[in-house]
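Engineer: So the sequences go chain by chain: S and Z.
According to the numbering used here, the residues represented by the first sequence are 721 to 1008, in order.
According to the numbering used here, the residues represented by the second sequence are 721 to 1008, in order.
Protein chains: 2
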Amino acid sequence: MARVAAAVDKQFDLLLSVPDDPRAELFEAMRHSAIGGGKRLRPLLVMATARLFNVNENCAIRAATAVEALHVYSLIHDDLPCMDDDAMRRGKPTTHVAFGESQAVLAGDALHALAFELLADEQTHSDPFVRSEMVACLARAAGPSGMAGGQMMDLVAETTTFDLQTVTRLQQLKTGALIAACVEIGAILGHVAIEGRKGLRGYAHDLGLAFQIADDILDVEGDEELAGKALHKDQQAGKQTFLSLMGLERAREQAQMLVNQAKSHLSIYGEEADVLRAIAEFTVHRDR
Amino acid sequence: MARVAAAVDKQFDLLLSVPDDPRAELFEAMRHSAIGGGKRLRPLLVMATARLFNVNENCAIRAATAVEALHVYSLIHDDLPCMDDDAMRRGKPTTHVAFGESQAVLAGDALHALAFELLADEQTHSDPFVRSEMVACLARAAGPSGMAGGQMMDLVAETTTFDLQTVTRLQQLKTGALIAACVEIGAILGHVAIEGRKGLRGYAHDLGLAFQIADDILDVEGDEELAGKALHKDQQAGKQTFLSLMGLERAREQAQMLVNQAKSHLSIYGEEADVLRAIAEFTVHRDR
């Protein structure tokens, strides 16, 4: 995890060198949000999946950085005053607090574009089919039937009482789609055809849900210092979560059940999938 | 122009059918901003360039719609209260006025992703190289060294007095990069190698500048009713423009000179480039 985090930081540092012109502040805002901090769970998922298929590490790290760029953009926009209005993220002031609201909108937008620029770049992969498949996969995960759609449902959740099925759908879009895209992109880099991705898809699906249940538990039980952000937000906003709908005990059981199920999808792989197995366990046993 | 506008509207209508779930409002907001209105200059540029190389019309219209989706996203975000704070766009209330600020941020984000999803889709072009080249081209035009970078310079322009060279650079990034991308994407669809795009690049460069000078003139002399948006904004914000730096007469001359220069880059083409020539003339003779 630390190795992937350092490698992602290095990529962002190279990609976002601050120009000596009036765009400097945009690059500073992008660096502030993209470099340092975060679990880098998504890049790790890309790397760990790519490793199953012996993908070149330089290719994988660039694709992993693209996914993280997309994730960081979504965090910046989610934190905006008109969205969740958060002041802290990854232990630092949020981008709009540090740089201003308009700069934060632009830094998010620029990282969004950068993600696709990276995936479509020849340096990331020499095969254009791999590049366009990765772009298609990430774009679907980001768009109205992915992250943006989940975020919209999250806005609606502030004024509507969702049932468990709708909360599950919300989270599948809001966080599950991107987690699934990480694993898909690792498989695309490994030239695995759609038929061959079934197990990995099952793994990603269960992992995404387990991750979100653990997040809901952390929102109630976690330490703000460790989390690096404000907690107890869902309760305050009156949103239904896995926790509010299932209760703490059942939520914990459900999360562990999903982790076991996620790992069972990896049974066709040997030791080479141990990192993916460890990620699944980490997902529910983390403290941030 | 009307034919392309109708075709783009039809594409958006198909792509953005409103789901019967809590994401409905997101799709409504996307439709509000994407369907109806606008000159559709950018899609027209894609179509007119693609036509030079006898590109299949269905491919071209999908790529043209992707470019327009990116353009519409940028308009939504530019209009936000924290950016230019505009209430009218294309003769309609801006997205945040009609749907709320958070919905507008998300509708922009979702259209941003949709643009890349469309370009990377097999239905847009069967050749993955064409797809990934189009994505790379559009992503560069959107990112920190394109539109987002130009938008950042525009923010800085509110508090700094830029000279003509810096205003030119600002506009090349803010509007020129995407206009150039339209022509490039038309050429990519036509399998034209980079060496063969020199004339088209020159055309797009000059067209982009002429377009912006004309826009600056319209901001001062135009009719708000026809423009469908608030004018005289640059003056109020104290921003330097081509007009404030060159004066009206020189600005007009310069715009026409650029149009002539743009057309001269097309000399290697025959009648098949007449639409591109007409677009160049239209750019400086339009009333909106």
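Think of the CB as a built atom: it goes at the ideal place given N, C-alpha and C, for glycine as much as any other residue.
Compare the C-beta of Ala809 of chain Z against all C-beta atoms of chain S and say whether one is closer than 7 Å.
Structural biologist: Position check: residue 809 of chain Z holds Arg in this sequence, whereas Ala was assumed. Arg809 of chain Z does not count as touching chain S.
Engineer: Counting only C-beta atoms, is Gly906 of chain S closer than 7 Å to chain Z at any point?
Structural biologist: Not an interface residue.
Engineer: Closer than 7 Å, CB to CB, is Pro813 of chain Z near chain S or not?
Structural biologist: False, the Cβ-Cβ gap to chain S never drops below 7 Å.
Engineer: Who are Met808 of chain Z's beta bridge partners in DSSP?
Structural biologist: Paired residue(s): Z:Pro813.
Engineer: Taking only three categories from DSSP, how would you classify Ala950 of chain S?
Structural biologist: If DSSP states are grouped into helix, strand and coil, Ala950 of chain S belongs with coil.
Engineer: In three-state terms, what does DSSP make of Cys902 of chain Z?
Structural biologist: DSSP places Cys902 of chain Z in helix when its eight states are reduced to three.
Engineer: Residues in the region 822-835 of chain S with C-beta within 9 Å of chain Z's C-beta atoms, listed in sequence order?
Structural biologist: Residues Ser822, Gln823, Ala824, Val825, Leu826, Ala827, Gly828, Asp829, Ala830, Leu831, His832, Ala833, Leu834 and Ala835.
Engineer: For a contact meaning CB atoms closer than 7 Å, what does Phe747 of chain Z contact in chain S?
Structural biologist: Per Cβ cutoff of 7 Å: Pro864.
Engineer: For Cys902 of chain Z, which residues from the same chain have a beta carbon less than 6 Å from its beta carbon, with the 5 sequence-adjacent residues on both sides left out?
Structural biologist: For Cys902 of chain Z, where only same-chain residues beyond five positions count, the Cβ hits under 6 Å are Arg762, Leu765, Val766 and Val787.
Engineer: Could you tell me whether any Cβ in chain Z is nearer than 7 Å to the Cβ of Pro763 of chain S?
Structural biologist: No, Pro763 of chain S does not count as interfacial toward chain Z.
Engineer: Does the region 919-930 of chain Z come within contact of the region 778-796 of chain Z, defined as at least 3 CB pairs closer than 8 Å?
Structural biologist: Because the criterion of three Cβ pairs below 8 Å is not met, the region 919-930 of chain Z and the region 778-796 of chain Z do not touch.
Engineer: Could you check how far apart the C-beta atoms of Gly1009 of chain S and Arg860 of chain S are, in whole angstroms? I think they sit under 8 Å.
Structural biologist: Outside the shown range of chain S (721 to 1008) lies residue 1009 of chain S, about which nothing can therefore be said.
Engineer: Excluding sequence positions up to five away, which residues of its chain have a Cβ less than 6 Å from the Cβ of Leu929 of chain S?
Structural biologist: The answer, listed in chain order, is Leu978.
Engineer: Would you check if the region 840-855 of chain Z and the region 884-897 of chain S touch, i.e. whether three or more CB-CB distances between them fall below 8 Å?
Structural biologist: The answer is no - the region 840-855 of chain Z does not touch the region 884-897 of chain S, with fewer than three Cβ pairs under 8 Å.
Engineer: Spell out whether any CB of chain S is found under 7 Å from the CB atom of Cys802 of chain Z.
Structural biologist: Closer than 7 Å: yes.
Engineer: What are the boundary residues of the alpha helix (DSSP H) that includes Ala1000 of chain Z?
Structural biologist: Asp994 to His1005 is the span of the alpha helix (DSSP H), which, as asked, contains Ala1000 of chain Z.
Engineer: Quick one: list the residues of chain Z neighbouring Arg851 of chain S, beta-carbon separation under 7 Å, in chain order.
Structural biologist: Within chain Z, the residues near Arg851 of chain S are Ser852.
Engineer: Asn778 of chain Z to Ala770 of chain Z, Cα distance in whole Å?
Structural biologist: Cα-Cα distance, rounded: 11 Å.
Engineer: Among the residues of its own chain, which have a CB less than 6 Å from the CB of Met873 of chain S, if the five just before and after it don't count?
Structural biologist: Excluding positions up to five away in sequence, the list reads Leu890.
Engineer: Hey, how far is the Cα of Ala824 of chain Z from the Cα of His797 of chain S?
Structural biologist: Cα to Cα, Ala824 of chain Z sits roughly 11 Å from His797 of chain S.
Engineer: Between S:Ala993, S:Lys959, S:Leu795 and S:Pro801, which has its C-alpha nearest Ala862 of chain S's C-alpha?
Structural biologist: When each option's Cα is compared against that of Ala862 of chain S, the closest is S:Leu795.
Engineer: As an exercise, report each continuous alpha helix (DSSP H) stretch of at least 4 residues that is fully enclosed by the region 814-893 of chain Z, in chain order.
Structural biologist: Those alpha helix (DSSP H) runs which fall completely within the region 814-893 of chain Z and span 4+ residues are 815-819, 821-839, 848-862, 867-877 and 884-891.
Engineer: Looking at the C-beta of Arg797 of chain S, does it have a partner C-beta in chain Z at a distance below 7 Å?
Structural biologist: The question names Arg, but residue 797 of chain S in the sequence shown is His. Yes, because at least one Cβ of chain Z sits closer than 7 Å to the Cβ of His797 of chain S.
Engineer: Looking at Ala975 of chain Z and Ala934 of chain Z, is the spacing between their C-beta atoms short of 7 Å?
Structural biologist: Yes, Cβ-Cβ distance for Ala934 of chain Z and Ala975 of chain Z is below 7 Å.
Engineer: Counting only beta-carbon separations shorter than 7 Å, does Gly869 of chain Z have a partner in chain S?
Structural biologist: So, interface residue.
Engineer: Going by beta carbon distance, what residues of the same chain come within less than 7 Å of His791 of chain S, once the five residues before and after it are set aside?
Structural biologist: Cβ within range, chain order: Arg762 and Leu898.
Engineer: By the 10 Å Cβ neighbour count, where 16 or more other Cβ atoms means buried, how is Gly758 of chain Z classified, buried or exposed?
Structural biologist: Classification of Gly758 of chain Z: buried, given that the 10 Å Cβ count is 16 or more.
Engineer: Would you check if the region 800-815 of chain S and the region 805-814 of chain Z touch, i.e. whether three or more CB-CB distances between them fall below 8 Å?
Structural biologist: No: fewer than three Cβ pairs fall under 8 Å.
Engineer: Applying a beta-carbon distance threshold of less than 7 Å, which residues of chain S neighbour Asp841 of chain Z?
Structural biologist: Those are Ala856, listed as they occur along chain S.
Engineer: Quick check: the Cα distance between Glu1001 of chain S and Glu941 of chain S, rounded to an integer number of angstroms?
Structural biologist: So the alpha carbons of these two residues sit roughly 18 Å apart.
Engineer: Return the residues of the region 902-935 of chain Z that lie within a Cβ-Cβ distance of less than 7 Å from chain A, sorted by chain order.
Structural biologist: The structure shown contains no chain A; its protein chains are S and Z.
Engineer: What is the rounded straight-line gap between the Cα of Glu746 of chain Z and the Cα of Gln955 of chain S?
Structural biologist: Reading off the sequence shown, one finds Leu at residue 746 of chain Z, where the question assumed Glu. About 24 Å.
Engineer: Does any residue of chain S have a CB that is nearer than 7 Å to the CB of Gln751 of chain Z?
Structural biologist: The sequence given here places Arg at residue 751 of chain Z; Gln does not occur at that position. With 7 Å as the cut-off, Arg751 of chain Z does not count as an interface residue toward chain S.
Engineer: Measure from the alpha carbon of Leu834 of chain S to the alpha carbon of each residue in S:His816, S:Ala726 and S:Leu735, then state which is nearest.
Structural biologist: Checking every option, the nearest Cα to that of Leu834 of chain S belongs to S:Leu735.
Engineer: Does the distance from the C-beta atom of Gly828 of chain S to that of Tyr793 of chain S stay below 7 Å?
Structural biologist: Yes; because the gap between Cβ atoms is below 7 Å, this pair is in contact.
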